[in-house]
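Student:
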Amino acid sequence: MSVTIRDVEYVAKLARLEFTEEQKQKFTEDLNGILNYVEMLKEVDTENVEISIGAYRVENALREDVVKPSFDREALLKNAPDAQEGFVKVPKVIE
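For the sequence shown, our numbering assigns the number 5 to the initial residue and increments by one for each residue that follows.
1. Please report the Cβ distance between V7 and L35, rounded to the nearest whole angstrom; I am assuming they are in contact, meaning their Cβ atoms lie under 8 Å.
2. Beta-carbon within less than 7 Å of P85's beta-carbon, same chain only, minus the 5 sequence neighbours each way: which residues are those?
3. N40 lies in the alpha helix (DSSP H); which residues open and close that run?
4. Assuming E22 and A16 form a contact by the criterion Cβ under 8 Å, report the distance between their Cβ atoms to the nearest whole angstrom.
5. Within the continuous alpha helix (DSSP H) that includes I98, where are the two ends?
6. How would you call V12, buried or exposed, if buried means at least 16 neighbouring beta carbons within 10 angstroms?
7. Under DSSP, the alpha helix (DSSP H) around F78 begins and ends at which residues?
8. Express the C-alpha separation of L81 and V92 in angstroms, rounding to a whole number.
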């Protein structure tokens with residue numbers, strides 16, 4: 005499988021991004037390099053390799069939840085350009 009400039013243009017359109025021709029070419033090359041690397045990894049013999057989740061063993065690093073003072077909602081909403089039902093109202097960005 006290889007990525008074409010047309011593929012990059014399609015994904016850019018979905019993400020509402022605009023790229024120059026040079027950027028499209030660079031992304032195409034980069035993505036093809038990544039896919040080639042993944043293909044190389046598929047060829048690695050992992051038959052007798054023990055399954056692991058990560059390179060390092062991590063112990064539970066959680067902390068206790070502590071309630072801390074936060075912003076005053078009324079002051080925050082007072083400074084917002086628009087508010088509705090106690091929340092900051094922002095323009096719609098997804099169709």
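We treat Cβ as the ideally placed atom computed from N, Cα and C, and that holds for glycine.
Tutor: To lay it out plainly:
1. Working through the sequence shown from its first residue, we reach residue 7 at position 3. Working through the sequence shown from its first residue, we reach residue 35 at position 31. Confirmed, Cβ separation roughly 4 Å.
2. Sequence index remark: in the sequence shown, residue 85 carries index 81 (1-based). Here the set comprises nothing.
3. As a working mapping, residue 40 is identified with position 36 in the sequence shown. First-last of the alpha helix (DSSP H) with N40: 25 to 46.
4. Translated into positions along the sequence shown, residue 22 becomes position 18. Translated into positions along the sequence shown, residue 16 becomes position 12. Right, their Cβ atoms sit about 7 Å apart.
5. The residue you call residue 98 lines up with position 94 of the sequence shown. Premise fails: I98 is in no alpha helix (DSSP H) and is neither H nor E.
6. The count along the sequence shown starts at 1 and reaches residue 12 at position 8. Label assigned to V12: buried.
7. On the sequence shown, position 74 is the one that residue 78 refers to. Note on residue identity: the sequence assigns Glu, not Phe, to residue 78. Segment 77 to 83, the alpha helix (DSSP H) holding E78.
8. To locate residue 92, count along the sequence shown from 1; it is residue 88. To locate residue 81, count along the sequence shown from 1; it is residue 77. Approximately 6 Å, taken between the alpha carbons.
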